[in-house]
Amino acid sequence: MAAADVNAIGLQLPAVRGIGRPRILAGLVLALLLPSAIEVVVSALQYRNFAMIMLFQLAVSAAVAAIGGLWPAVVSAVLGSMLLNYFSADPVGSLSIADPATLFTLVIFLAVACGVALAVGLATRRAQEAAHSGAEARALSELALRILSSDGSLESFLDKIRVNLGMEAMTLLSTFDSPDATGPGWKVLASSGIQPPVTHAAADHAAVVDRNYTLLLRGGPLSEQHRRMLAAFGAFVVAVRERQQLVKSRQDNARLAEGNKMRTSILRAVSHDLRTPLAGIKLAVSSLRQEDVTFAPEDERELLATIEDYADRLDHLVDNLLDMSRITADAVNPLLRGLGWHQILPEALRGVPGSAYATSYWPTFRI
1 MAAADVNAIG
11 LQLPAVRGIG
21 RPRILAGLVL
31 ALLLPSAIEV
41 VVSALQYRNF
51 AMIMLFQLAV
61 SAAVAAIGGL
71 WPAVVSAVLG
81 SMLLNYFSAD
91 PVGSLSIADP
101 ATLFTLVIFL
111 AVACGVALAV
121 GLATRRAQEA
131 AHSGAEARAL
141 SELALRILSS
151 DGSLESFLDK
161 IRVNLGMEAM
171 TLLSTFDSPD
181 ATGPGWKVLA
191 SSGIQPPVTH
201 AAADHAAVVD
211 RNYTLLLRGG
221 PLSEQHRRML
231 AAFGAFVVAV
241 RERQQLVKSR
251 QDNARLAEGN
261 KMRTSILRAV
271 SHDLRTPLAG
281 IKLAVSSLRQ
291 EDVTFAPEDE
301 RELLATIEDY
311 ADRLDHLVDN
321 LLDMSRITAD
331 AVNPLLRGLG
341 WHQILPEALR
351 GVPGSAYATS
361 YWPTFRI
């Protein structure tokens, strides 16, 4: 598996190379040349030890298997057995075999050579699979670390997966209950790429992560290794989604706790402001209702003015509380701007008699 081309934000998979066509071609060339070369050398040296020559051919088959894999080694074993029969087994120079024991030996040689080639080929394949698995594990480990250390969006994470799998577009779907009671439907949570598929019919591949989430992909074919990677990536996508939901829930809970704290503080702060005008209104009304006391017109006007002033203060306080509740419930957005002390203190000192304080503020105004 060659490494996927990725951009700066993608996750690059480690490159793992198999035997490849050049090595297979090299193995075939050696399978044709080395057995013949051995027979040429032993014939030139007039070396006639049949057992040793057979071991040389067996070693050649093992070497060819290590270089080119299974099928070049099988070619080497078959060619080596034929050369042994022609050049080293009696009668020499003929493919016929005079001694049945020699025939049995050649059959055993061919079986052992093919077995060695098969074993070497399987070992090479297992090594490739182990390298692939190691590459996948390293990629998934790096991806998990990036998830834990990143607070990016779900779209950027899908973009990384799409680039690594070589897809053109990808979409994450989630189930929801259909309002017309026709069963569960699908809604798009995030997407990546150009014209991402939003239905199963528009997608080339669909990966069911669990009963609530499905990944739709559009692009080229997916290898078996990429399908395994996609299954693991899907689990990470769900983890990112649930992490975002937990973060949002934590933020909502923090905002609610802050709002509750603010409301509690406001109620504590305004309790005195509520009791003072109520007590003043009650006292003025009770005084006016006394039948055994006759008030002068000036005193009645003063008591009525007191009732009106305290009622205005209560109305103003209730309006502020209602505005604060709307802000806390996110019904309105406050317009924040800076205020000077001279704009705040007069409102705060409204209920305090003017003769009770005298404070000056440098340099431009006086209260």
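In the numbering used here, the protein residues as written are 1 to 367. Think of the CB as a built atom: it goes at the ideal place given N, C-alpha and C, for glycine as much as any other residue.
Quick one: what's got a C-beta closer than 8 angstroms to residue i's C-beta in the same chain, skipping five residues either side?
| i | result |
| --- | --- |
| E300 | L288 |
| L246 | none |
| R211 | T175 |
| L274 | L314 and L317 |
Under a Cβ-count criterion, where at least 16 other Cβ atoms within 10 Å of its own Cβ denotes burial, should residue i be classed as buried or exposed?
| i | result |
| --- | --- |
| T182 | Caution applies to T182, whose pLDDT of 40 falls short of 50 and renders its modelled position unreliable; the value that the coordinates give is listed next. By the 10 Å Cβ count, T182 comes out exposed. |
| I108 | exposed |
| P221 | exposed |
| P334 | exposed |
| A254 | exposed |
| H200 | exposed |
| G68 | buried |
| S76 | buried |
| P374 | Since the first and last residues shown for the chain are 1 and 367, residue 374 lies out of range. |
| R313 | buried |
| H205 | buried |
| P22 | exposed |
| E129 | exposed |
Leaving out five residues on either side along the sequence, give the residues of the same chain with a beta carbon under 6 angstroms from the beta carbon of residue i.
| i | result |
| --- | --- |
| A348 | none |
| V238 | V209 and Y213 |
| R162 | M170, S192 and G193 |
| I281 | I307 and Y310 |
Report yes if the C-beta distance between residue i and residue j is below 8 angstroms; otherwise report no.
| i | j | result |
| --- | --- | --- |
| A169 | G193 | yes |
| R218 | A203 | yes |
| L172 | L158 | yes |
| V120 | A66 | yes |
| A62 | V29 | no |
| E142 | M229 | no |
| H64 | A37 | Note on identity: in this sequence residue 64 is Val, with His being the wrong assignment. In this structure, A37 does not lie closer than 8 angstroms to V64 by Cβ. |
| T328 | G234 | no |
| L70 | L25 | no |
| P91 | G27 | no |
State the start and end residues of the unbroken beta strand (DSSP E) segment that holds residue i.
| i | result |
| --- | --- |
| R337 | Where R337 is concerned, there is no enclosing beta strand (DSSP E), given that its DSSP letter is neither H nor E. |
| R21 | No beta strand (DSSP E) contains R21, which is instead part of the alpha helix (DSSP H) from G20 to A44. |
| A206 | H205 to V208 |
| G219 | Y213 to G219 |
Write down the C-beta distance between residue i and residue j rounded to the nearest angstrom, noting that I regard them as a contact closer than 8 angstroms.
| i | j | result |
| --- | --- | --- |
| V60 | L84 | Going by Cβ atoms, the distance from V60 to L84 rounds to 11 angstroms, so no, they are not a contact pair. |
| L79 | V112 | Not really, about 15 angstroms apart at Cβ, beyond 8 angstroms. |
| P197 | L215 | Rounded, the Cβ-Cβ distance is 10 angstroms, inconsistent with contact. |
| L154 | R241 | 6 angstroms |
| V270 | L317 | 6 angstroms |
| A89 | F50 | 7 angstroms |
The alpha helix (DSSP H) spanning residue i covers which residue range?
| i | result |
| --- | --- |
| T306 | P297 to T328 |
| L283 | E224 to R289 |
| F157 | L154 to L165 |
| Q57 | F50 to G68 |
Who are the Cβ neighbours of residue i in its own chain at under 7 angstroms, not counting the five residues just before and after it?
| i | result |
| --- | --- |
| S81 | L106, F109 and L110 |
| S43 | F87 |
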